[in-house]
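Comments concern the structure below.
Numbering (my numbering), first residue to last: 381 to 628.
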């Protein structure tokens with residue numbers, strides 16, 4: 381299949397649902413060979429059945445040994461890495477325990493560090509590639525209530541992204557972060573249900589969006605495809621806000 385990503389290989393974490401899934405489908409439609417990973421085997425099975433060009437295997441990004449083995453399981457050098465795995469903790473600083481702090485940093489930041497460390501040597505040897513890290517508007521971009529540790533992790537992702545971009549800009553590596561606003565995903569819906577009053581929670585999330593609606597994962601995927609493509613050859617070390625005007 382020809383397309384903007386024809387001839388490229390992509391590796392994606394948390395590809396079973398939401399933005400990760402939309403990105404995997406979009407990249408495959410643009411001609412990439414996509415290795416989609418997730419901790420949820422059932423979600424991966426339905427993903428592979430939905431679109432040709434997608435190969436899957438289960439991966440728990442909280443397990444360093446599984447990440448270390450991922451390049452061998454892929455068996456090819458990715459031109460594209462999309463670090464999508466993450467967790468949104470709800471709470472103020474005083475409501476955040478050390479256990480939740482450590483868990484959030486392990487999943488949201490350290491997993492990205494480990495995935496990049498596993499694949500970056502291969503990408504350098506191959507002459508370069510594009511790394512896209514999932515950050516958030518709730519980070520160093522914007523203060524958001526009840527997102528203390530989550531915002532701290534996503535600010536760390538932005539710093540890590542810029543550091544990798546600066547270290548390897550002369551060796552063909554581009555590294556960017558995307559900062560979505562509120563996106564209508566299975567994860568968000570689970571969190572809204574957990575608050576006890578789903579309808580009230582949904583109305584509150586929508587109310588904080590200037591456009592009066594939530595984003596869809598399919599609206600985020602084109603930005604990811606662009607950053608993965610050769611069209612973005614001169615783009616690195618940047619945070620890309622896609623939030624419907626929330627951070628204005």
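Ideal Cβ positions, reconstructed from N, Cα and C, are used throughout, including at glycine.
Problem set entry | Reduced DSSP secondary structure (H/G/I, E/B, other) of residue 517 | Counted from its first residue, the chain shown places residue 517 at position 137. Residue 517 falls in the coil class under three-state DSSP.
For this session: Keeping to the same chain, check which residues put their C-beta closer than 8 Å to that of residue 588; ignore five residues upstream and five downstream.
Result: Within the chain shown, the letter at position 208 stands for residue 588. So the qualifying residues of the chain are 562 and 626.
For this session: Pair every Cβ in the stretch 589-601 with every Cβ in the stretch 558-575, then say whether three or more of these pairs are closer than 8 Å.
Result: With a cut-off of 8 Å, the stretch 558-575 and the stretch 589-601 count as touching, because enough Cβ pairs lie within range.
Exercise. Whole alpha helix (DSSP H) runs in the stretch 389-428 with 4 or more residues, listed along the chain?
Worked result: 398-409
Problem set entry | Residues bridged to residue 461 [DSSP beta-bridge criterion] | Position 81 of the chain shown holds residue 461. Paired residues: 391 and 511.
Problem set entry | Same chain only: Cβ atoms within 8 Å of residue 447, ignoring 5 sequence neighbours per side | Position 67 of the chain shown, counted from the first residue, corresponds to residue 447. Same-chain partners within the cutoff: 439, 441, 491, 494, 495 and 498.
Problem set entry | Cβ separation of residue 508 and residue 551, assumed to be a contact under 8 Å, to the nearest whole Å | Mapped onto the chain shown, residue 508 falls at position 128. Mapped onto the chain shown, residue 551 falls at position 171. About 7 Å separates the two Cβ atoms, so the contact holds.
Exercise. In chain order, which continuous runs of the beta strand (DSSP E) of length 3 or greater are located wholly inside the stretch 427-455?
Worked result: 434-438
Exercise. Less than 8 Å separating the beta-carbons of residue 616 and residue 569?
Worked result: For the purposes of this step, residue 616 is taken as the residue at position 236 of the chain shown. For the purposes of this step, residue 569 is taken as the residue at position 189 of the chain shown. No, the pair does not count as a contact, with Cβ atoms beyond the cut-off.
For this session: Alpha carbon to alpha carbon, how far is residue 576 from residue 603? Give it in angstroms, no decimals.
Result: Here residue 603 refers to the residue found at position 223 when the chain shown is read from its first residue. Here residue 576 refers to the residue found at position 196 when the chain shown is read from its first residue. So the two alpha carbons sit approximately 33 Å from each other.
Problem set entry | residue 610 versus residue 403: straight-line alpha-carbon distance, rounded | As a working mapping, residue 610 is identified with position 230 in the chain shown. As a working mapping, residue 403 is identified with position 23 in the chain shown. So the two alpha carbons sit approximately 16 Å from each other.
For this session: Take every Cβ of the stretch 390-398, pair it with every Cβ of the stretch 420-439, and state whether three or more of those distances are shorter than 8 Å.
Result: Verdict: yes, contact present.
Problem set entry | Expected contact under 8 Å - CB spacing of residue 622 and residue 553 to nearest Å | In the chain shown, the residue the question calls residue 622 occupies position 242. In the chain shown, the residue the question calls residue 553 occupies position 173. Actually they are not in contact, since the Cβ atoms of residue 622 and residue 553 sit about 22 Å apart, beyond 8 Å.
For this session: For the alpha helix (DSSP H) containing residue 554, list its first residue and its last residue.
Result: Against the chain shown, residue 554 aligns to sequence position 174. Per DSSP, residue 554 belongs to no alpha helix (DSSP H); it is in the beta strand (DSSP E), 553-560.
Exercise. Do you know offhand how far residue 424's Cα is from residue 519's?
Worked result: Walking along the chain shown from the start, residue 424 turns up at place 44. Walking along the chain shown from the start, residue 519 turns up at place 139. Distance between the alpha carbons of residue 424 and residue 519: 29 Å.
For this session: Provide the residue(s) that pair with residue 619 in DSSP beta bridges, ordered along the chain.
Result: Within the chain shown, residue 619 is the residue found at index 239, counting from 1. DSSP lists 557 as partners of residue 619.
For this session: Note down the Cα distance separating residue 578 from residue 585, rounded to an integer number of angstroms.
Result: Here residue 578 corresponds to residue number 198 of the chain shown, with the count starting at 1. Here residue 585 corresponds to residue number 205 of the chain shown, with the count starting at 1. When rounded, the distance between both Cα atoms is 11 Å.
Exercise. Considering only residues of the same chain and omitting the five flanking positions on each side of residue 502, which have a CB-CB separation below 8 Å?
Worked result: The sequence position of residue 502 within the chain shown is 122, counting from 1. Once the five neighbours on either side are set aside, the close Cβ partners of residue 502 are 451, 457 and 458.
For this session: Determine the extent of the alpha helix (DSSP H) in which residue 581 is found, giving its start and end residues.
Result: On the chain shown, residue 581 is found 201 positions in, with the first residue counted as 1. For residue 581, the uninterrupted alpha helix (DSSP H) segment begins and ends at 578-587.
Problem set entry | Beta-carbon contacts of residue 405 that lie in its chain and below 8 Å, excluding the five residues immediately before and after | Here residue 405 is taken as the residue at index 25 of the chain shown, counted from 1. Closer than 8 Å at the Cβ level, and outside the excluded window around residue 405, lie 427, 430, 431, 434 and 601.
Exercise. With which residues is residue 527 paired in a DSSP beta bridge?
Worked result: Indexing the chain shown from 1 puts residue 527 at position 147. 471.
For this session: Going by DSSP, name the residue or residues bridged to residue 477.
Result: As a working mapping, residue 477 is identified with position 97 in the chain shown. According to DSSP, which records beta bridges pairwise, residue 477 is partnered with nothing at all.
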